[in-house]
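If you use this note's numbering, the sequence shown corresponds to residues 151 to 458, in order. Built from N, CA and C at the ideal position, the CB exists for glycine as well. These numbers come from a predicted model, not from an experiment.
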Amino acid sequence: MADAELLRADAFPIEQASVRGFTMRFVRAGIGGFPLLLIHGWPETKRIWYRNIAPLVAAGFEVIAPDLRGFGDSDIPADGFFDLAAHARDLYALVHDGLGHQQIVVVGGDLGGAILQDLGMRFPGFVVRQVVFNSPLPYLREEHRGLRTRPAMEAADYYLRQGTGADSLLAELSTELLRRDYIAAFYGHRFWASPGTFTSAAVTFLSEPFADPAKLRAGWGNYESAMGTRPQSEPPLWGKNTIPTLILFGPDDHVIYPDFDEMAARVFPEHIGPFRLSRCGHFLQWEQAHVLNQTVRYFCADLLARRR
Numbered sequence: 151m152a153d154a155e156l157l158r159a160d161a162f163p164i165e166q167a168s169v170r171g172f173t174m175r176f177v178r179a180g181i182g183g184f185p186l187l188l189i190h191g192w193p194e195t196k197r198i199w200y201r202n203i204a205p206l207v208a209a210g211f212e213v214i215a216p217d218l219r220g221f222g223d224s225d226i227p228a229d230g231f232f233d234l235a236a237h238a239r240d241l242y243a244l245v246h247d248g249l250g251h252q253q254i255v256v257v258g259g260d261l262g263g264a265i266l267q268d269l270g271m272r273f274p275g276f277v278v279r280q281v282v283f284n285s286p287l288p289y290l291r292e293e294h295r296g297l298r299t300r301p302a303m304e305a306a307d308y309y310l311r312q313g314t315g316a317d318s319l320l321a322e323l324s325t326e327l328l329r330r331d332y333i334a335a336f337y338g339h340r341f342w343a344s345p346g347t348f349t350s351a352a353v354t355f356l357s358e359p360f361a362d363p364a365k366l367r368a369g370w371g372n373y374e375s376a377m378g379t380r381p382q383s384e385p386p387l388w389g390k391n392t393i394p395t396l397i398l399f400g401p402d403d404h405v406i407y408p409d410f411d412e413m414a415a416r417v418f419p420e421h422i423g424p425f426r427l428s429r430c431g432h433f434l435q436w437e438q439a440h441v442l443n444q445t446v447r448y449f450c451a452d453l454l455a456r457r458r
C-alpha cells in the first residue's frame with residue numbers, strides 16, 4: 151500500500167474488546183496466521199505500524215496492533231495505571247484470553263520494547279520470539295560497564311517535564327494546534343528520527359491522536375510511573391531475558407542510549423544481531439519499514455512454515 155492509502159484513520163478495519171475494565175481498540179488482520187503482536191511506544195499509536203501490517207500479513211502472520219490504554223482509539227482506564235505491568239496484563243488479556251492465542255511473536259520499540267520484556271517474563275511460554283529496537287533497557291551493572299548507557303542530557307527535557315510537571319505542561323499546550331505541534335517536534339527537529347524521514351502529511355497523520363488533551367495527558371502517565379510521581383499497579387519484571395530476540399538499532403536516535411545495540415546484546419543473551427540500520431532513528435518501524443518487515447519474516451520463517 152502506498153503512503154497515500156495508509157495515511158488515513160480507516161486504512162485498516164478497527165476492532166474493539168473489553169479488556170480489564172476498559173475498551174481497547176486494535177487492528178487485526180491475517181486471521182489464521184502465526185500471531186504477531188505489534189506494541190507501539192510514545193509519541194505513537196497503532197498508526198506507527200501502518201507501513202508494516204499488510205507486508206507482515208502477506209508473510210503469513212496474523213497481525214495484532216493495539217492502541218495501548220489511554221492511547222489513540224483505546225479508552226483511558228479508570229484505574230489510572232500506566233506502568234509496564236498494567237500494559238502487559240492488558241495485552242495478555244486481549245491476545246491470550248480474548249483472541250485465544252497460546253503463543254505469539256512480539257515486536258516493539260520505545261515503550262513497546264519495554265512492555266514486551268515484562269510481558270514475556272510475566273507470562274512464561276507466551277512469547278516465543280521477540281524483536282526489539284530503540285527501547286528502554288534494564289541496567290546491568292557488570293555487563294554494561296564501559297558502555298554509553300545514558301542518552302544526551304539535552305534530549306531529556308521532555309522526559310522530566312512529562313514525568314514531573316505534566317499538568318503545567320498541558321496547561322501551556324492550551325490549543326489543538328499547540329498540542330499537535332508539540333508532538334510533531336518529536337518526528338522532526340528534536341532529532342529522534344533520521345533527518346527528512348517523515349513527510350509533513352505523515353507527521354500530521356501520526357500526531358493527530360494527541361490533539362485530544364485527555365489522551366495527551368494520559369500518555370504522560372507512563373513517564374510519571376517511570377519517575378515515581380504516579381503509583382504503579384505492581385513492580386515491573388525487568389532484567390536478563392532469555393527469550394530468543396532479534397535486536398535492531400536505528401543509531402540516528404538522539405533520545406536512546408548511544409550503545410543501545412551493545413547493551414541489548416547483554417540483556418538478551420539468546421539474540422540475533424544486533425544490527426545497525428543506516429539512515430534510521432527512533433521510529434525504525436516507519437523509517438526502515440521494509441527492513442523490519444523482511445527481518446521479522448525471516449527470523450520467524452520456521453514458525454510461519456508450521457501454519458502453511
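Taking L261 as reference, the option from G250, L442, T314, P288 with the minimal CA-CA separation is P288. Beta bridge pairing from DSSP links H421 with T395. Spanning the alpha carbons of Y309 and Y373 requires a straight line of approximately 7 angstroms. Straight-line spacing of the CA atoms in A414 and G346 works out to 27 angstroms.
Closest option to R380, judged by alpha-carbon separation, among L387, G371, D307: G371. Contact annotation: the stretch 168-176 touches the stretch 214-227, with at least three C-beta pairs closer than 8 angstroms. When the beta-carbon positions are compared, R311 and P363 stay at least 9 angstroms from each other. When secondary structure is reduced to three states using DSSP, A167 falls in the strand class. When A243, T395, R178 are compared, the shortest CA-CA separation from V207 is found for R178. Here the alpha carbons of N443 and L319 stand approximately 37 angstroms from one another. Proximity to P286 across C450, H440, I397 peaks at I397, based on C-alpha coordinates. When the alpha-carbon of V257 is set against those of E322, A215, T195, E437, the nearest one is in A215.
Closest by C-alpha distance to A159, out of K390, D217, H246, A209, is D217.
The C-beta distance from S350 to G431 rounds to 17 angstroms, too long to meet the 8 angstroms contact threshold. The beta carbon of P401 sits closer than 6 angstroms to the beta carbons of R426 from its chain, once the five residues preceding and following it are set aside; these are given in chain order.
Scanning its chain for C-beta atoms nearer than 6 angstroms, with the 5 sequence neighbours on each side dropped, one finds around S357 the residues R330, I333, A334, in chain order. Within the stretch 325-375, there are no complete beta strand (DSSP E) runs of at least 3 residues. Closest by C-alpha distance to L266, out of F348, F283, V446, is F283. According to the DSSP assignment, V441 belongs to the alpha helix (DSSP H) that extends over 439-449.
With a minimum length of 3 residues, the unbroken runs of beta strand (DSSP E) contained wholly in the stretch 182-242 fall at 184-189, 211-216. A straight-line Cα-Cα distance of about 24 angstroms links D307 and P386.
Note on geometry: alpha-carbon atoms of G369 and G296 lie some 33 angstroms from one another. The C-alpha of H246 lies about 15 angstroms from the C-alpha of A236.
Per DSSP, Q382 is not a residue of any beta strand (DSSP E), being assigned neither H nor E.
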